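All remarks here apply to the structure that follows.
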Amino acid sequence: MKVSVLILTQNNENFITNCLKSVSGWAGEIVIIDGGSIDKTLEICRLYKSKVFHNKWQGFSSQRNFAAKKATSDWIFYLDADERMTRSLKKEIDNLRPSKNIFAFQVKRQNYILGKFLRKGGWYPDLQTRLINKNELIKWQGKLHEYPKIKGKMGKLKGSIIHLTHRGINWCLRKTINYTDLEAALLFQANHSKVKWWNFITAGFREFWQRGIIKQGLTEGMEGFIAVVYQVFNAFIIYVKLWQLQKKESMEKIYKKLDSQLLEKEEY
1 MKVSVLILTQ NNENFITNCL KSVSGWAGEI VIIDGGSIDK TLEICRLYKS
51 KVFHNKWQGF SSQRNFAAKK ATSDWIFYLD ADERMTRSLK KEIDNLRPSK
101 NIFAFQVKRQ NYILGKFLRK GGWYPDLQTR LINKNELIKW QGKLHEYPKI
151 KGKMGKLKGS IIHLTHRGIN WCLRKTINYT DLEAALLFQA NHSKVKWWNF
201 ITAGFREFWQ RGIIKQGLTE GMEGFIAVVY QVFNAFIIYV KLWQLQKKES
251 MEKIYKKLDS QLLEKEEY
């Protein structure tokens with residue numbers, strides 16, 4: 001089976017090399033969709049004879065849809081810059097003979113969190129739909145947790161991809177800013193009820209209970225404990241941002257008024 005590997009990039013010079021190495025010599029072609037890198041990402045990609053296309057970043061779904069149109073093979077495999085293709089998965093795909101009504105396959109994803117492969121806490125098998133017959137792909141959709149809409153049925157492969165994510169607390173905090181913005185905006189657009197103080201508690205408790213207790217994330221050592229608590233923190237931040245969105249005025253306007261009022265009162 002000839003496969004086009006599609007990789008989305010944007011300033012990934014620190015970890016794109018081994019992503020490319022993991023598919024170089026196996027992929028029928030490597031297609032790079034770059035959202036506007038200003039580092040050495042594209043320079044590295046060209047060393048691996050990748051086909052590079054530029055498309056201004058408008059979200060994962062938009063980039064993945066654009067990528068599918070640039071592939072020349074019928075079968076495409078989506079891989080992120082911080083992911084790696086395993087030998088066992090490549091071999092499995094080589095030997096794959098899809099039935100007539102199966103046009104996409106899910107693969108397992110091994111998530112390395114703070115340097116450790118976490119099997120519990122909801123981190124594994126973390127099934128991802130990545131191998132798709134592009135002729136049967138309708139489109140990718142979703143602003144945050146994007147997913148493909150396809151014709152026909154979906155199969156599952158035994159193999160895994162490796163995901164080297166959560167690379168330290170500063171990395172996590174930078175990601176949290178963007179992802180919680182999106183999560184809060186989606187809740188706001190869905191007309192979520194007015195945020196109450198107990199929403200912060202219930203949202204955090206739900207994450208702790210599900211990931212830490214039910215899915216046994218707390219049994220994964222210090223890395224597992226931190227991962228669980230960090231998800232609780234994420235839930236808290238999402239509701240803080242939703243609370244801000246639900247206010248009649250933005251914090252910027254509130255502080256501008258406050259500044260003027262204090263000045264009039266000669267507080268300073």
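Start counting the sequence shown at 1; every next residue gets the next number (UniProt numbering).
Glycine included, every Cβ here is placed at the ideal spot set by N, Cα and C.
These numbers were taken from a predicted model, which means no experiment stands behind them.
Candidates the options: which alpha carbon is nearest residue i's?
i	options	result
LEU118	PRO148, ALA27 and THR165	THR165
LEU127	ALA227, ARG109 and GLN246	ARG109
GLN141	ASN95, TRP197, ASN65 and ARG167	ASN65
GLN244	VAL3, SER88 and PHE188	PHE188
ASN199	ILE238, ILE254, LEU96 and VAL229	ILE238
TYR78	LYS134, SER88 and VAL232	LYS134
GLN231	TYR268, LYS194, LYS257 and CYS172	CYS172
SER88	LEU157, LYS175, SER37 and ILE113	LEU157
TRP197	GLU249, VAL240, GLN261 and LEU262	VAL240
ARG46	THR17, GLY28 and PHE60	THR17
PHE208	ALA185, GLN246, GLU264 and PHE236	PHE236
SER193	GLN246, GLY155 and TYR179	GLN246
SER99	GLY59, GLU146, PHE233 and GLY152	GLY152
residue 271	ARG174, GLY168, LYS257 and GLU267	With the chain covering only 1 through 268, there is no way to say anything about residue 271.
ASN191	LEU242, GLU146 and ASN178	LEU242
LEU6	LYS257, GLN210 and THR72	THR72
LYS175	VAL195, PHE233, TYR124 and ASP39	PHE233
Excluding five sequence neighbours on each side, which residues of the same chain lie with their C-beta closer than 6 Å to the C-beta of residue i?
i	result
LYS90	TRP26
ASN12	THR41 and ALA81
THR129	ALA104, GLN106 and PRO148
PHE53	ILE33 and LYS70
GLY212	LEU218 and VAL228
GLY155	ILE102 and PHE105
Among residues of its own chain, excluding the 5 on either side of residue i, which ones have a beta-carbon nearer than 7 Å to its beta-carbon?
i	result
ILE150	PHE103, ALA104, ILE132, GLU136, LEU137 and ILE138
PHE15	ALA81, ASP82 and LEU164
ASN224	The sequence as given places Gly at residue 224; Asn does not occur at that position. If we look at GLY224 and ignore the five residues flanking it on each side, its Cβ neighbours are LEU118, LYS120, GLY121, GLY217 and LEU218.
MET1	TRP75, ILE93, ASP94 and LEU96
TYR48	LEU20, SER24 and ILE30
GLY59	LYS143
GLY28	LYS2, VAL3, SER4 and SER73
Quickly, what does DSSP pair residue i with across the bridge? List them, please.
i	result
GLU29	SER4
MET85	ILE161
PRO148	TRP140
ASN133	TRP75
GLN128	VAL107
PHE53	ILE33
GLY155	PHE105
THR9	ASP34
For residue i, which residues of its own chain have a beta-carbon under 8 Å away from its beta-carbon, when the five flanking residues on both sides are left out?
i	result
GLU220	LYS116, LEU118, ARG119, LYS120, GLY121 and ALA227
GLN63	LEU8, ILE33, GLY35, ASN55 and TRP57
LEU182	LYS143 and LEU144
ASN101	GLY152 and LYS153
Indicate whether at least one CB of chain B lies closer than 7 Å to the CB of residue i.
i	result
TYR48	Chain labels in this structure do not include chain B; a single protein chain is all it has.
Inter-stretch contact at 8 Å, needing at least 3 Cβ pairs: the region 152 to 167 / the region 195 to 208:
no
Below 8 Å, can you find three or more Cβ-Cβ pairs linking the region 16 to 31 to the region 81 to 101?
yes
Complete runs of the alpha helix (DSSP H) confined to the region 190 to 247 [at least 4 residues]
197 to 207 and 221 to 246
Which runs of the beta strand (DSSP E) fall wholly inside the region 55 to 122 and span at least 3 residues, in chain order?
75 to 80, 83 to 85 and 102 to 113
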